Amino acid sequence: MQNLKDSHKFSWKALIVVILFFSYFSCTLQLFIFISGHSSVNGLRDSVIYSLIWLIPILLFPNYARKIATVFGLIVGSLSLISVGYFTIYRQEFSQSVFFVMAESNFNESNEFIQQYLSIKLIVVLLVYILLGIFLWKQVQPVYVKKTTKWVVSLLIIIYATMPMAISLTVKKNSLEKSGLHLLSRMETTVPWQLVSNYLAYRTQLSNMEAILANYETLPPLNNLIDANGNAPRTLVLIIGESTTRNRMGIYGYERNTTPQIQQFKKENPNLLVFNDVVSSRPYTIEILQQALTFADEKHPDLYLKTPSLIHLMHQAGYKTFWITNQQTMTARNTMLTMFSQQTDEQFYMNNDRNQSSRRYDESVFDPFKTVLADPAEKKFIVIHLLGTHMKYEFRYPKNSVYEQFKNATGISFKLKDDELERYNNYDNAVSYNDYVTTTLFNMFKTSKENGFMLYFSDHGEDVYETPPHDVLGRNEKAPTKTMYTVPFMLWQSPQWLATHPNNYQAYINRKYSTQDLIHTWSDLAGLSYDLYQPEKSIVNPEFKQNPRWIGDPYGKNSLIDFDTLPK
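In terms of my numbering, the sequence shown opens at residue 712 and continues consecutively.
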(Lines of atoms letter the chains of each structure in order from A and count residues from 1; the text may use other names and numbers.)
(Lines give C-alpha, C1' and ligand atoms only; values in the text may rest on other atoms or scores of the structure.)
Protein backbone atom coordinates (compact mmCIF):
# COMPACT_ATOMS: atom_id res chain seq x y z
CA MET A 1 0.00 0.00 0.00
CA GLN A 2 2.85 2.35 0.86
CA ASN A 3 4.55 1.64 -2.48
CA LEU A 4 1.31 2.41 -4.35
CA LYS A 5 0.95 5.65 -2.43
CA ASP A 6 4.54 6.62 -3.21
CA SER A 7 4.02 5.90 -6.90
CA HIS A 8 1.14 8.35 -6.93
CA LYS A 9 3.23 11.23 -5.62
CA PHE A 10 3.48 14.39 -7.66
CA SER A 11 6.59 14.52 -9.87
CA TRP A 12 7.90 17.73 -11.42
CA LYS A 13 9.91 15.64 -13.87
CA ALA A 14 6.79 13.82 -15.07
CA LEU A 15 4.92 17.15 -15.47
CA ILE A 16 7.77 18.78 -17.43
CA VAL A 17 8.11 15.76 -19.73
CA VAL A 18 4.37 15.75 -20.46
CA ILE A 19 4.36 19.48 -21.22
CA LEU A 20 7.39 19.08 -23.50
CA PHE A 21 5.77 16.15 -25.32
CA PHE A 22 2.45 17.84 -25.97
CA SER A 23 4.14 21.13 -26.89
CA TYR A 24 6.72 19.52 -29.15
CA PHE A 25 4.53 19.07 -32.21
CA SER A 26 3.58 22.74 -32.43
CA CYS A 27 6.14 24.74 -30.47
CA THR A 28 9.28 23.30 -32.09
CA LEU A 29 8.50 24.84 -35.46
CA GLN A 30 7.30 28.10 -33.93
CA LEU A 31 10.45 28.32 -31.80
CA PHE A 32 12.61 27.88 -34.88
CA ILE A 33 10.57 30.48 -36.78
CA PHE A 34 11.05 32.98 -33.95
CA ILE A 35 14.77 32.30 -33.37
CA SER A 36 15.53 32.46 -37.10
CA GLY A 37 13.85 35.87 -37.29
CA HIS A 38 11.28 34.63 -39.79
CA SER A 39 8.40 35.99 -37.70
CA SER A 40 7.53 37.51 -34.32
CA VAL A 41 7.09 35.75 -30.97
CA ASN A 42 3.29 35.71 -31.23
CA GLY A 43 3.15 32.33 -32.96
CA LEU A 44 5.31 30.71 -30.29
CA ARG A 45 3.22 32.29 -27.52
CA ASP A 46 -0.04 30.99 -28.96
CA SER A 47 1.30 27.52 -29.68
CA VAL A 48 2.40 27.17 -26.04
CA ILE A 49 -1.01 28.27 -24.77
CA TYR A 50 -3.03 25.92 -26.95
CA SER A 51 -0.67 22.98 -26.54
CA LEU A 52 -1.36 23.09 -22.79
CA ILE A 53 -4.97 22.10 -23.50
CA TRP A 54 -3.73 18.52 -23.88
CA LEU A 55 -2.48 18.64 -20.29
CA ILE A 56 -6.09 18.52 -19.06
CA PRO A 57 -6.86 14.83 -19.89
CA ILE A 58 -3.47 13.83 -18.47
CA LEU A 59 -4.31 15.53 -15.16
CA LEU A 60 -7.86 14.15 -15.05
CA PHE A 61 -6.95 10.60 -16.07
CA PRO A 62 -3.32 10.05 -15.03
CA ASN A 63 -3.51 6.24 -15.28
CA TYR A 64 -4.19 6.58 -19.02
CA ALA A 65 -1.29 8.99 -19.63
CA ARG A 66 0.67 6.66 -21.95
CA LYS A 67 -2.42 5.71 -23.95
CA ILE A 68 -3.45 9.36 -24.34
CA ALA A 69 0.10 10.26 -25.35
CA THR A 70 0.17 7.40 -27.87
CA VAL A 71 -3.07 8.44 -29.59
CA PHE A 72 -1.97 12.10 -29.51
CA GLY A 73 1.43 11.27 -30.97
CA LEU A 74 0.03 9.16 -33.78
CA ILE A 75 -2.65 11.66 -34.82
CA VAL A 76 -1.26 15.09 -33.98
CA GLY A 77 2.35 14.08 -34.57
CA SER A 78 1.51 12.78 -38.04
CA LEU A 79 -0.46 15.93 -38.91
CA SER A 80 2.41 18.13 -37.72
CA LEU A 81 4.66 16.54 -40.35
CA ILE A 82 2.71 18.50 -42.97
CA SER A 83 3.62 21.91 -41.52
CA VAL A 84 7.20 20.89 -40.70
CA GLY A 85 7.73 19.50 -44.20
CA TYR A 86 6.11 22.52 -45.83
CA PHE A 87 8.30 24.94 -43.86
CA THR A 88 11.42 22.92 -44.67
CA ILE A 89 10.67 23.25 -48.39
CA TYR A 90 9.30 26.78 -48.62
CA ARG A 91 10.38 28.55 -45.41
CA GLN A 92 6.71 29.49 -45.03
CA GLU A 93 4.11 28.48 -42.47
CA PHE A 94 1.25 26.25 -43.55
CA SER A 95 -1.88 28.39 -43.99
CA GLN A 96 -5.29 28.64 -45.61
CA SER A 97 -3.45 29.97 -48.66
CA VAL A 98 -1.83 26.55 -49.03
CA PHE A 99 -5.24 24.90 -49.04
CA PHE A 100 -6.15 27.21 -51.90
CA VAL A 101 -3.05 26.36 -53.92
CA MET A 102 -3.48 22.63 -53.18
CA ALA A 103 -7.10 22.76 -54.31
CA GLU A 104 -5.99 24.41 -57.56
CA SER A 105 -3.45 21.66 -58.23
CA ASN A 106 -4.24 18.45 -60.13
CA PHE A 107 -2.77 14.97 -59.61
CA ASN A 108 0.04 15.45 -62.12
CA GLU A 109 1.08 18.72 -60.46
CA SER A 110 1.06 17.03 -57.05
CA ASN A 111 3.18 14.16 -58.39
CA GLU A 112 5.65 16.63 -59.91
CA PHE A 113 5.77 18.48 -56.60
CA ILE A 114 6.69 15.31 -54.69
CA GLN A 115 9.36 14.38 -57.23
CA GLN A 116 10.88 17.86 -57.13
CA TYR A 117 10.95 18.41 -53.37
CA LEU A 118 11.47 14.91 -51.96
CA SER A 119 15.11 15.45 -51.05
CA ILE A 120 17.66 14.02 -48.64
CA LYS A 121 17.41 17.19 -46.57
CA LEU A 122 13.63 16.86 -46.22
CA ILE A 123 13.87 13.17 -45.29
CA VAL A 124 16.57 13.85 -42.69
CA VAL A 125 14.64 16.73 -41.11
CA LEU A 126 11.44 14.67 -40.86
CA LEU A 127 13.30 11.60 -39.58
CA VAL A 128 15.08 13.56 -36.82
CA TYR A 129 11.78 15.26 -35.96
CA ILE A 130 10.01 11.89 -35.64
CA LEU A 131 12.80 10.31 -33.56
CA LEU A 132 12.79 13.21 -31.10
CA GLY A 133 9.03 12.86 -30.77
CA ILE A 134 9.37 9.12 -30.08
CA PHE A 135 12.07 9.84 -27.49
CA LEU A 136 9.79 12.24 -25.63
CA TRP A 137 6.88 9.79 -25.86
CA LYS A 138 8.96 7.09 -24.16
CA GLN A 139 9.57 9.42 -21.21
CA VAL A 140 5.88 10.15 -20.59
CA GLN A 141 4.70 9.09 -17.12
CA PRO A 142 1.43 9.70 -15.21
CA VAL A 143 1.16 13.07 -13.48
CA TYR A 144 -0.55 12.72 -10.12
CA VAL A 145 -1.92 15.80 -8.37
CA LYS A 146 -4.60 16.38 -5.78
CA LYS A 147 -8.18 16.31 -7.01
CA THR A 148 -8.71 20.00 -6.25
CA THR A 149 -5.48 20.94 -8.01
CA LYS A 150 -6.30 19.05 -11.22
CA TRP A 151 -9.66 20.79 -11.54
CA VAL A 152 -8.29 24.24 -10.70
CA VAL A 153 -5.41 23.90 -13.16
CA SER A 154 -7.71 22.56 -15.87
CA LEU A 155 -10.12 25.43 -15.36
CA LEU A 156 -7.29 28.00 -15.51
CA ILE A 157 -6.01 26.51 -18.80
CA ILE A 158 -9.49 26.68 -20.34
CA ILE A 159 -10.03 30.26 -19.13
CA TYR A 160 -6.65 31.40 -20.46
CA ALA A 161 -7.15 29.60 -23.77
CA THR A 162 -10.61 31.09 -24.37
CA MET A 163 -9.70 34.57 -23.13
CA PRO A 164 -9.26 36.06 -26.65
CA MET A 165 -12.82 35.05 -27.48
CA ALA A 166 -14.16 36.38 -24.19
CA ILE A 167 -12.40 39.73 -24.67
CA SER A 168 -13.72 39.95 -28.23
CA LEU A 169 -17.27 39.32 -27.00
CA THR A 170 -17.32 41.49 -23.89
CA VAL A 171 -14.79 44.29 -24.41
CA LYS A 172 -14.88 44.70 -28.20
CA LYS A 173 -18.60 43.80 -28.42
CA ASN A 174 -18.07 41.58 -31.45
CA SER A 175 -20.55 38.93 -32.55
CA LEU A 176 -20.26 35.33 -31.41
CA GLU A 177 -19.26 34.28 -34.94
CA LYS A 178 -16.54 36.92 -35.24
CA SER A 179 -15.26 36.17 -31.75
CA GLY A 180 -15.12 32.47 -32.56
CA LEU A 181 -13.15 33.15 -35.72
CA HIS A 182 -10.78 35.33 -33.70
CA LEU A 183 -10.19 32.44 -31.30
CA LEU A 184 -9.54 30.07 -34.20
CA SER A 185 -7.03 32.53 -35.67
CA ARG A 186 -5.11 32.49 -32.37
CA MET A 187 -5.12 28.68 -32.38
CA GLU A 188 -3.89 28.30 -35.95
CA THR A 189 -0.24 27.88 -34.92
CA THR A 190 -1.11 24.72 -32.99
CA VAL A 191 -1.71 21.25 -34.43
CA PRO A 192 -4.40 20.01 -35.09
CA TRP A 193 -6.26 23.32 -34.68
CA GLN A 194 -3.94 24.72 -37.32
CA LEU A 195 -5.39 22.49 -40.02
CA VAL A 196 -8.97 22.88 -38.79
CA SER A 197 -8.71 26.68 -38.56
CA ASN A 198 -6.96 27.04 -41.89
CA TYR A 199 -9.43 24.79 -43.67
CA LEU A 200 -12.45 26.64 -42.25
CA ALA A 201 -10.86 30.01 -43.09
CA TYR A 202 -10.06 28.76 -46.59
CA ARG A 203 -13.65 27.62 -47.16
CA THR A 204 -15.03 30.93 -45.89
CA GLN A 205 -12.76 33.05 -48.07
CA LEU A 206 -13.27 30.76 -51.05
CA SER A 207 -17.05 31.16 -50.74
CA ASN A 208 -16.69 34.93 -50.54
CA MET A 209 -14.41 35.00 -53.57
CA GLU A 210 -16.65 32.71 -55.60
CA ALA A 211 -19.65 34.94 -54.86
CA ILE A 212 -17.78 38.01 -56.13
CA LEU A 213 -16.47 36.16 -59.19
CA ALA A 214 -19.97 34.89 -59.97
CA ASN A 215 -21.20 38.47 -59.88
CA TYR A 216 -18.44 39.54 -62.27
CA GLU A 217 -19.35 36.80 -64.73
CA THR A 218 -22.81 38.30 -65.10
CA LEU A 219 -21.48 41.73 -66.05
CA PRO A 220 -21.86 42.72 -69.71
CA PRO A 221 -18.72 43.48 -71.78
CA LEU A 222 -17.57 47.02 -72.38
CA ASN A 223 -19.43 48.64 -75.24
CA ASN A 224 -17.70 49.86 -78.39
CA LEU A 225 -14.22 48.67 -77.40
CA ILE A 226 -11.58 49.72 -79.94
CA ASP A 227 -7.92 48.74 -79.77
CA ALA A 228 -5.86 51.29 -81.68
CA ASN A 229 -2.92 48.84 -81.77
CA GLY A 230 -4.79 46.13 -83.59
CA ASN A 231 -3.05 42.74 -83.42
CA ALA A 232 0.53 43.98 -83.06
CA PRO A 233 2.48 41.73 -80.63
CA ARG A 234 3.04 43.49 -77.31
CA THR A 235 3.52 42.99 -73.57
CA LEU A 236 2.12 45.42 -71.00
CA VAL A 237 3.23 45.17 -67.37
CA LEU A 238 1.64 46.68 -64.27
CA ILE A 239 3.68 46.57 -61.04
CA ILE A 240 1.74 47.29 -57.84
CA GLY A 241 3.92 48.26 -54.89
CA GLU A 242 2.93 48.16 -51.24
CA SER A 243 3.13 50.80 -48.47
CA THR A 244 5.85 52.82 -50.23
CA THR A 245 5.67 56.59 -49.95
CA ARG A 246 7.58 58.60 -52.53
CA ASN A 247 8.65 60.96 -49.72
CA ARG A 248 11.26 58.40 -48.68
CA MET A 249 12.66 57.77 -52.14
CA GLY A 250 15.86 59.45 -53.26
CA ILE A 251 14.61 59.77 -56.82
CA TYR A 252 11.88 62.04 -55.46
CA GLY A 253 14.32 64.23 -53.53
CA TYR A 254 14.60 62.41 -50.20
CA GLU A 255 17.89 63.31 -48.54
CA ARG A 256 18.92 59.69 -48.00
CA ASN A 257 20.10 57.66 -50.99
CA THR A 258 17.38 54.99 -50.80
CA THR A 259 16.89 54.55 -54.57
CA PRO A 260 20.33 54.48 -56.23
CA GLN A 261 19.40 51.74 -58.70
CA ILE A 262 16.30 53.30 -60.24
CA GLN A 263 18.15 56.63 -60.39
CA GLN A 264 20.94 54.94 -62.35
CA PHE A 265 18.35 53.27 -64.58
CA LYS A 266 16.86 56.69 -65.32
CA LYS A 267 20.29 58.09 -66.23
CA GLU A 268 20.76 55.27 -68.71
CA ASN A 269 17.14 55.40 -69.88
CA PRO A 270 15.94 59.02 -70.08
CA ASN A 271 12.58 57.75 -71.32
CA LEU A 272 11.77 56.54 -67.78
CA LEU A 273 9.06 58.96 -66.70
CA VAL A 274 8.81 59.78 -62.99
CA PHE A 275 5.50 61.45 -62.18
CA ASN A 276 5.91 63.82 -59.25
CA ASP A 277 2.44 64.45 -57.83
CA VAL A 278 0.41 61.24 -57.78
CA VAL A 279 -1.59 60.23 -54.70
CA SER A 280 -3.72 57.34 -53.55
CA SER A 281 -7.37 57.88 -52.61
CA ARG A 282 -7.31 55.34 -49.76
CA PRO A 283 -4.47 54.35 -47.42
CA TYR A 284 -5.38 50.64 -47.53
CA THR A 285 -4.51 48.04 -50.17
CA ILE A 286 -7.89 46.42 -50.78
CA GLU A 287 -9.83 49.66 -50.81
CA ILE A 288 -7.54 51.46 -53.24
CA LEU A 289 -7.29 48.50 -55.64
CA GLN A 290 -11.08 48.27 -55.72
CA GLN A 291 -10.86 51.70 -57.33
CA ALA A 292 -7.55 51.59 -59.24
CA LEU A 293 -8.37 48.30 -60.99
CA THR A 294 -12.00 49.16 -61.74
CA PHE A 295 -14.22 52.12 -62.61
CA ALA A 296 -15.01 52.82 -58.95
CA ASP A 297 -13.79 56.02 -57.30
CA GLU A 298 -14.36 57.99 -54.10
CA LYS A 299 -17.68 59.34 -55.37
CA HIS A 300 -18.85 55.99 -56.76
CA PRO A 301 -17.24 53.33 -54.51
CA ASP A 302 -19.56 50.45 -55.45
CA LEU A 303 -18.83 50.49 -59.17
CA TYR A 304 -16.21 47.78 -58.67
CA LEU A 305 -19.15 45.37 -58.25
CA LYS A 306 -21.16 46.73 -61.17
CA THR A 307 -18.65 47.29 -63.97
CA PRO A 308 -15.84 45.21 -65.53
CA SER A 309 -12.37 45.30 -64.01
CA LEU A 310 -9.07 46.11 -65.71
CA ILE A 311 -8.48 42.38 -66.13
CA HIS A 312 -11.82 41.99 -67.90
CA LEU A 313 -10.94 44.95 -70.11
CA MET A 314 -7.64 43.38 -71.16
CA HIS A 315 -9.31 40.02 -71.74
CA GLN A 316 -11.89 41.63 -73.98
CA ALA A 317 -9.06 43.35 -75.89
CA GLY A 318 -7.54 39.94 -76.63
CA TYR A 319 -4.69 39.80 -74.12
CA LYS A 320 -3.50 36.71 -72.29
CA THR A 321 -3.41 37.79 -68.66
CA PHE A 322 -1.10 36.86 -65.79
CA TRP A 323 -0.98 37.66 -62.06
CA ILE A 324 2.26 37.26 -60.07
CA THR A 325 1.99 38.07 -56.39
CA ASN A 326 4.11 38.03 -53.24
CA GLN A 327 1.09 39.04 -51.20
CA GLN A 328 -0.78 36.52 -49.05
CA THR A 329 -3.36 34.62 -51.04
CA MET A 330 -6.36 33.57 -48.96
CA THR A 331 -6.98 35.68 -45.87
CA ALA A 332 -10.00 37.69 -44.77
CA ARG A 333 -8.36 40.90 -45.96
CA ASN A 334 -6.86 39.48 -49.14
CA THR A 335 -9.91 37.73 -50.60
CA MET A 336 -10.47 40.69 -52.92
CA LEU A 337 -6.87 40.47 -54.15
CA THR A 338 -7.27 36.79 -54.90
CA MET A 339 -10.56 37.55 -56.63
CA PHE A 340 -8.75 39.95 -58.96
CA SER A 341 -5.99 37.41 -59.56
CA GLN A 342 -8.47 34.64 -60.37
CA GLN A 343 -9.82 36.71 -63.23
CA THR A 344 -6.49 36.26 -65.04
CA ASP A 345 -5.53 33.27 -67.20
CA GLU A 346 -2.53 32.23 -65.11
CA GLN A 347 -1.56 32.97 -61.52
CA PHE A 348 1.68 32.64 -59.57
CA TYR A 349 1.18 32.75 -55.78
CA MET A 350 4.60 33.15 -54.18
CA ASN A 351 3.53 33.86 -50.58
CA ASN A 352 1.47 31.31 -48.66
CA ASP A 353 2.60 32.36 -45.20
CA ARG A 354 0.07 32.39 -42.39
CA ASN A 355 1.28 35.73 -41.12
CA GLN A 356 1.98 38.82 -43.22
CA SER A 357 4.59 39.82 -40.64
CA SER A 358 7.09 37.24 -41.87
CA ARG A 359 10.16 37.26 -44.08
CA ARG A 360 8.99 37.01 -47.67
CA TYR A 361 11.29 38.79 -50.10
CA ASP A 362 9.92 40.25 -53.32
CA GLU A 363 12.73 38.79 -55.40
CA SER A 364 10.55 35.65 -55.43
CA VAL A 365 8.62 37.24 -58.34
CA PHE A 366 11.68 37.26 -60.64
CA ASP A 367 11.50 33.65 -61.84
CA PRO A 368 7.77 33.65 -62.66
CA PHE A 369 8.22 36.99 -64.45
CA LYS A 370 10.91 35.41 -66.64
CA THR A 371 8.57 32.51 -67.33
CA VAL A 372 5.70 34.79 -68.33
CA LEU A 373 7.91 37.00 -70.52
CA ALA A 374 8.85 33.86 -72.45
CA ASP A 375 5.21 32.87 -72.97
CA PRO A 376 4.47 32.72 -76.73
CA ALA A 377 1.21 34.68 -76.52
CA GLU A 378 1.38 37.68 -78.85
CA LYS A 379 -0.52 40.02 -76.53
CA LYS A 380 0.31 39.72 -72.82
CA PHE A 381 -0.92 41.68 -69.81
CA ILE A 382 1.09 41.02 -66.63
CA VAL A 383 0.30 42.20 -63.10
CA ILE A 384 3.04 41.91 -60.46
CA HIS A 385 1.94 42.61 -56.90
CA LEU A 386 4.79 43.17 -54.46
CA LEU A 387 4.90 43.04 -50.67
CA GLY A 388 7.01 46.19 -50.91
CA THR A 389 7.66 48.01 -47.64
CA HIS A 390 4.78 46.55 -45.65
CA MET A 391 5.12 46.29 -41.87
CA LYS A 392 7.18 44.77 -40.31
CA TYR A 393 9.77 46.72 -42.24
CA GLU A 394 12.74 44.68 -40.99
CA PHE A 395 11.19 41.59 -42.61
CA ARG A 396 11.14 43.16 -46.08
CA TYR A 397 14.87 42.88 -46.81
CA PRO A 398 17.58 40.29 -46.12
CA LYS A 399 19.39 40.72 -42.83
CA ASN A 400 23.07 41.66 -42.93
CA SER A 401 22.81 42.52 -46.62
CA VAL A 402 23.85 45.59 -48.60
CA TYR A 403 20.28 46.85 -48.22
CA GLU A 404 20.67 47.11 -44.44
CA GLN A 405 22.62 50.33 -44.84
CA PHE A 406 20.79 52.81 -42.58
CA LYS A 407 21.67 52.17 -38.94
CA ASN A 408 22.00 55.58 -37.30
CA ALA A 409 20.56 59.10 -37.40
CA THR A 410 22.66 60.31 -40.33
CA GLY A 411 20.50 62.22 -42.79
CA ILE A 412 17.64 62.74 -40.32
CA SER A 413 17.02 66.37 -39.41
CA PHE A 414 14.83 65.73 -36.36
CA LYS A 415 15.13 63.82 -33.10
CA LEU A 416 13.70 60.33 -32.68
CA LYS A 417 13.64 57.93 -29.74
CA ASP A 418 15.79 54.81 -30.07
CA ASP A 419 12.90 52.50 -31.00
CA GLU A 420 11.51 55.09 -33.41
CA LEU A 421 14.93 55.53 -35.03
CA GLU A 422 15.20 51.78 -35.50
CA ARG A 423 11.81 51.64 -37.27
CA TYR A 424 12.69 54.72 -39.34
CA ASN A 425 15.92 53.08 -40.51
CA ASN A 426 14.21 49.75 -41.13
CA TYR A 427 11.71 51.48 -43.39
CA ASP A 428 14.44 53.21 -45.39
CA ASN A 429 16.25 49.88 -45.71
CA ALA A 430 13.02 48.32 -46.98
CA VAL A 431 12.71 51.14 -49.53
CA SER A 432 16.30 50.45 -50.60
CA TYR A 433 15.52 46.76 -51.15
CA ASN A 434 12.31 47.69 -52.97
CA ASP A 435 14.48 49.86 -55.24
CA TYR A 436 16.51 46.76 -56.11
CA VAL A 437 13.38 44.70 -56.84
CA THR A 438 11.59 47.25 -58.99
CA THR A 439 14.71 48.21 -60.93
CA THR A 440 15.47 44.55 -61.57
CA LEU A 441 11.96 44.12 -62.98
CA PHE A 442 12.44 47.16 -65.23
CA ASN A 443 15.76 45.75 -66.45
CA MET A 444 14.29 42.28 -67.02
CA PHE A 445 11.56 43.81 -69.15
CA LYS A 446 14.07 45.93 -71.03
CA THR A 447 16.38 42.96 -71.65
CA SER A 448 13.50 40.88 -72.97
CA LYS A 449 13.16 43.40 -75.82
CA GLU A 450 9.40 43.03 -75.64
CA ASN A 451 7.32 45.68 -77.38
CA GLY A 452 5.28 47.47 -74.73
CA PHE A 453 5.51 49.41 -71.50
CA MET A 454 5.81 48.91 -67.75
CA LEU A 455 4.00 51.05 -65.17
CA TYR A 456 4.87 50.99 -61.46
CA PHE A 457 2.94 52.59 -58.63
CA SER A 458 2.44 51.88 -54.94
CA ASP A 459 -1.01 51.18 -53.56
CA HIS A 460 -0.57 53.79 -50.80
CA GLY A 461 2.08 55.46 -48.70
CA GLU A 462 3.20 54.89 -45.13
CA ASP A 463 3.96 57.55 -42.53
CA VAL A 464 6.97 56.44 -40.53
CA TYR A 465 7.59 59.48 -38.31
CA GLU A 466 7.75 61.64 -41.44
CA THR A 467 5.08 64.21 -40.58
CA PRO A 468 5.79 66.79 -37.83
CA PRO A 469 5.81 66.41 -34.86
CA HIS A 470 7.20 63.07 -36.07
CA ASP A 471 5.07 60.81 -33.90
CA VAL A 472 2.86 59.13 -36.53
CA LEU A 473 3.47 55.51 -37.49
CA GLY A 474 1.55 53.69 -40.21
CA ARG A 475 -1.75 54.74 -41.79
CA ASN A 476 -4.99 56.04 -40.36
CA GLU A 477 -7.79 57.28 -42.58
CA LYS A 478 -9.39 59.01 -39.60
CA ALA A 479 -6.23 61.04 -38.97
CA PRO A 480 -4.71 61.43 -42.45
CA THR A 481 -1.33 62.89 -43.30
CA LYS A 482 -0.05 63.58 -46.80
CA THR A 483 2.67 60.96 -46.48
CA MET A 484 0.05 58.22 -46.17
CA TYR A 485 -1.18 59.02 -49.68
CA THR A 486 1.86 60.15 -51.68
CA VAL A 487 2.99 57.34 -53.98
CA PRO A 488 5.62 56.73 -56.66
CA PHE A 489 4.32 56.51 -60.23
CA MET A 490 6.82 55.57 -62.96
CA LEU A 491 6.44 54.62 -66.60
CA TRP A 492 8.99 52.99 -68.92
CA GLN A 493 8.23 52.44 -72.61
CA SER A 494 10.35 50.17 -74.76
CA PRO A 495 12.14 51.64 -77.80
CA GLN A 496 9.90 49.53 -80.07
CA TRP A 497 6.81 50.95 -78.40
CA LEU A 498 8.03 54.54 -78.61
CA ALA A 499 8.82 54.08 -82.30
CA THR A 500 5.13 53.51 -83.00
CA HIS A 501 3.75 55.61 -80.12
CA PRO A 502 5.58 58.96 -80.12
CA ASN A 503 4.31 61.11 -77.29
CA ASN A 504 4.95 64.13 -75.10
CA TYR A 505 4.29 62.51 -71.73
CA GLN A 506 7.32 64.27 -70.21
CA ALA A 507 5.26 67.46 -70.24
CA TYR A 508 2.72 65.79 -67.93
CA ILE A 509 4.94 64.54 -65.09
CA ASN A 510 3.91 67.35 -62.68
CA ARG A 511 0.17 66.91 -63.08
CA LYS A 512 -1.83 66.35 -59.90
CA TYR A 513 -3.34 62.89 -60.17
CA SER A 514 -5.12 60.23 -58.12
CA THR A 515 -4.70 56.50 -58.74
CA GLN A 516 -8.44 56.05 -58.27
CA ASP A 517 -8.56 56.87 -62.02
CA LEU A 518 -5.78 54.47 -63.00
CA ILE A 519 -7.95 52.41 -65.35
CA HIS A 520 -8.39 55.47 -67.60
CA THR A 521 -4.66 56.17 -67.74
CA TRP A 522 -3.94 52.51 -68.45
CA SER A 523 -6.53 52.47 -71.23
CA ASP A 524 -4.95 55.57 -72.74
CA LEU A 525 -1.45 54.07 -72.60
CA ALA A 526 -2.69 50.80 -74.12
CA GLY A 527 -4.60 52.53 -76.91
CA LEU A 528 -8.01 51.29 -75.73
CA SER A 529 -11.21 53.28 -75.99
CA TYR A 530 -14.80 52.33 -75.07
CA ASP A 531 -17.97 53.93 -73.73
CA LEU A 532 -16.83 54.11 -70.06
CA TYR A 533 -13.39 55.51 -70.91
CA GLN A 534 -12.91 59.16 -69.90
CA PRO A 535 -9.81 60.84 -71.39
CA GLU A 536 -10.08 63.71 -68.89
CA LYS A 537 -9.19 61.16 -66.16
CA SER A 538 -5.95 60.06 -67.83
CA ILE A 539 -2.75 61.71 -66.64
CA VAL A 540 -1.16 61.27 -70.08
CA ASN A 541 -4.04 62.65 -72.13
CA PRO A 542 -4.10 66.21 -73.55
CA GLU A 543 -7.72 66.47 -72.39
CA PHE A 544 -6.83 65.76 -68.74
CA LYS A 545 -8.75 67.91 -66.23
CA GLN A 546 -7.56 68.63 -62.72
CA ASN A 547 -10.26 67.79 -60.16
CA PRO A 548 -10.18 67.62 -56.36
CA ARG A 549 -8.27 64.53 -55.27
CA TRP A 550 -10.71 63.11 -52.75
CA ILE A 551 -9.45 60.94 -49.91
CA GLY A 552 -11.25 59.32 -47.00
CA ASP A 553 -13.90 56.68 -46.43
CA PRO A 554 -16.48 57.08 -49.22
CA TYR A 555 -19.09 55.31 -47.08
CA GLY A 556 -18.74 57.73 -44.18
CA LYS A 557 -20.98 60.76 -43.91
CA ASN A 558 -19.13 63.93 -44.96
CA SER A 559 -15.83 62.05 -44.64
CA LEU A 560 -14.28 62.95 -48.00
CA ILE A 561 -11.70 65.70 -48.03
CA ASP A 562 -9.49 67.20 -50.73
CA PHE A 563 -5.95 65.83 -50.40
CA ASP A 564 -4.46 69.20 -51.28
CA THR A 565 -6.09 70.81 -48.22
CA LEU A 566 -4.05 68.62 -45.84
CA PRO A 567 -1.23 70.41 -44.00
CA LYS A 568 2.28 69.71 -45.25
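The beta-carbon is built from N, C-alpha and C at its ideal position, and this holds for glycine as well.
What you are looking at is a predicted structure, and each value in this text was computed from that prediction instead of being measured.
Query: Those residues which DSSP pairs with V948 across a bridge; Result: I1093 and M1165
Query: Delimiting residues of the alpha helix (DSSP H) encompassing T1100; Result: Here T1100 belongs to no alpha helix (DSSP H), and DSSP marks it neither H nor E.
Query: Spatial neighbours of F721 in its chain, beta-carbon cut-off 7 Å, leaving aside the 5 residues before and after; Result: Y855 and V856
Query: Segment contact flag, the segment 1101 to 1108 with the segment 1141 to 1152, C-beta cutoff 8 Å, min 3 pairs; Result: yes
Query: Which listed residue (Q1053, V990, I870 and Y995) has its alpha carbon closest to that of L1021; Result: Q1053
Query: Coil, strand or helix - G1185 by DSSP; Result: strand
Query: For Q1116, the nearest candidate out of H1101, E1131 and N1136 (CA to CA); Result: N1136
Query: Inter-stretch contact (C-beta, 8 Å, three-pair minimum) for the segment 953 to 971 and the segment 1187 to 1203; Result: yes
Query: Alpha-carbon to alpha-carbon, G891 and Q974; Result: 50 Å
Query: Burial state of K978 (16 or more Cβ within 10 Å); Result: exposed
Query: Sequence-distant residues of the same chain with beta carbon closer than 8 Å to L847, five excluded per side; Result: V728, L731, F732 and Y735
Query: Reduced DSSP secondary structure (H/G/I, E/B, other) of Y1176; Result: coil
Query: Sequence ranges, beta strand (DSSP E) only - wholly within the segment 855 to 927, length at least 3; Result: none
Query: Anticipated Cβ contact below 8 Å, N774 with P853, distance rounded; Result: 6 Å
Query: Whole-Å CB distance - P1012 paired with P1265, under 8 Å assumed; Result: 4 Å
Query: Residue from L894, L911, T996 and H1023 whose Cα sits closest to the Cα of P932; Result: H1023
Query: Simplified DSSP state of L1241, which is helix, strand or coil; Result: The displayed chain sequence assigns Tyr, not Leu, to residue 1241. In this structure, Y1241 counts as coil in the three-state DSSP scheme.
Query: V1083 and M1061 closer than 8 Å at C-beta; Result: no
Query: N- and C-terminal bounds of the alpha helix (DSSP H) containing K778; Result: A776 to F783
Query: Among S886, S992, W1203 and L843, nearest to N1187 - alpha-carbon criterion; Result: S992
Query: From V787, K1081 and I999, residue whose alpha carbon lies closest to that of M1155; Result: K1081
Query: Helix, strand or coil at F721 according to DSSP, with G and I counted as helix; Result: coil
Query: Heavy atom of the ligand HEM within 7 Å of D1273 beta-carbon; Result: This structure lacks the ligand HEM, and indeed carries no ligand of any kind.
Query: Euclidean distance between Cα positions of P1019 and Q1038; Result: 23 Å
Query: Buried versus exposed call for E1254 [16 or more other C-beta atoms within 10 Å across all chains shown]; Result: exposed
Query: Contact under 8 Å by Cβ, D938 with A1028; Result: yes
Query: Environment of H1171 [buried if 16+ CB atoms lie within 10 Å]; Result: buried
Query: Between the CA atoms of L766 and E820 - distance to the nearest angstrom; Result: Low per-residue confidence applies at E820: pLDDT is 43, beneath 50, and the placement is therefore not dependable enough to give any value.
Query: Within the segment 976 to 1044, ranges of the beta strand (DSSP E) (whole runs, at least 3 residues); Result: 1031 to 1039
Query: Cβ-Cβ distance between D988 and Q1227 below 8 Å; Result: no
Query: Residues bridged to I1272 [DSSP beta-bridge criterion]; Result: I1262
Query: Reduced DSSP secondary structure (H/G/I, E/B, other) of D938; Result: strand
Query: Inter-residue spacing [alpha-carbon to alpha-carbon] between L742 and L843; Result: 15 Å
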